[in-house]
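One structure is given below, encoded as C-alpha cells.
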Amino acid sequence: MVHVIEPAARGFWKGYSEVLDENGWRDISPSSEADWKRVEDGAATLMVGGHLLLQPEYVREPVADWNRLTQQFLELATEGKAQAENQSKDAMLVLGEQLDETCDSCHAQFAPHVN
Numbered sequence: 002m003v004h005v006i007e008p009a010a011r012g013f014w015k016g017y018s019e020v021l022d023e024n025g026w027r028d029i030s031p032s033s034e035a036d037w038k039r040v041e042d043g044a045a046t047l048m049v050g051g052h053l054l055l056q057p058e059y060v061r062e063p064v065a066d067w068n069r070l071t072q073q074f075l076e077l078a079t080e081g082k083a084q085a086e087n088q089s090k091d092a093m094l095v096l097g098e099q100l101d102e103t104c105d106s107c108h109a110q111f112a113p114h115v116n
C-alpha cells in the first residue's frame, strides 16, 4: 500500500502548500486547472486505497480500531476530492492536517515502522 497511498497523499497535500525561503513563507498551492486535477487525482486514489484497506486481507486487529481509522481516512479523502474540485485551498489545509493526524494515528497503532 505504501506504493499507492504515499504518492497519492503527497498529491492530496499539495492542495495547500507553502515553502519557506529567503523571502519568507511563499504560497505554492495549485494555481492551474492541471494542478488542481493532480490534487483531485490524489484524493481519488486515496479513496480507492481506503476501500482496499477494508478488504479482509488488509484488516488488522483490533478490527474496530482499524475500521474506525479507515473510515476516517475515507471520509477525509472523499471530502478532499470534493474540495479539490471546488479548488478550495483553505478547506484543503484543514483536511490535509486531519488526514495527517489520521494517518499518524493508524501508523502508530498498526504500522509503527512506517513513521
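When we follow my numbering, the leftmost residue of the sequence shown carries the number 2, and every step to the right adds one.
Glycine included, every Cβ here is placed at the ideal spot set by N, Cα and C.
Remember, it's a predicted structure, so these values are computed and weren't measured experimentally.
message: Does leucine 21 pass the burial test, meaning 16 or more other C-beta atoms within 10 Å, or should it be called exposed?
response: exposed
query: Would you report the Cα separation of methionine 2 and arginine 27, rounded to the nearest angstrom?
result: 32 angstroms
- prompt: Would you say glycine 81 and alanine 35 are within 8 angstroms of each other, going by their C-beta atoms?
  reply: no
- prompt: Near isoleucine 29, which residues of its chain fall below 7 angstroms by C-beta distance, leaving aside the five closest residues on each side in sequence?
  reply: Ser18, Glu19, Val20
message: By alpha-carbon positions, which one of Asn24, Asp105, Glu41, Glu86 ends up nearest to phenylalanine 74?
response: Asp105
query: Under 8 angstroms, do glutamine 110 and aspartate 66 count as touching if we go by C-beta distance?
result: yes
- request: Return the first residue and the last residue of the alpha helix (DSSP H) that valine 64 is part of.
  value: 64-86
field: Best match in Leu47, Val60, Gln88, Leu53 for proximity to glutamate 76 [C-alpha to C-alpha]
entry: Leu47
- prompt: In three-state DSSP terms, what is glycine 25?
  reply: strand
message: Please report the distance separating the alpha-carbon of leucine 54 from that of histidine 108.
response: 13 angstroms
- prompt: What did DSSP end up calling glutamate 58 once you bin it into helix, strand or coil?
  reply: coil
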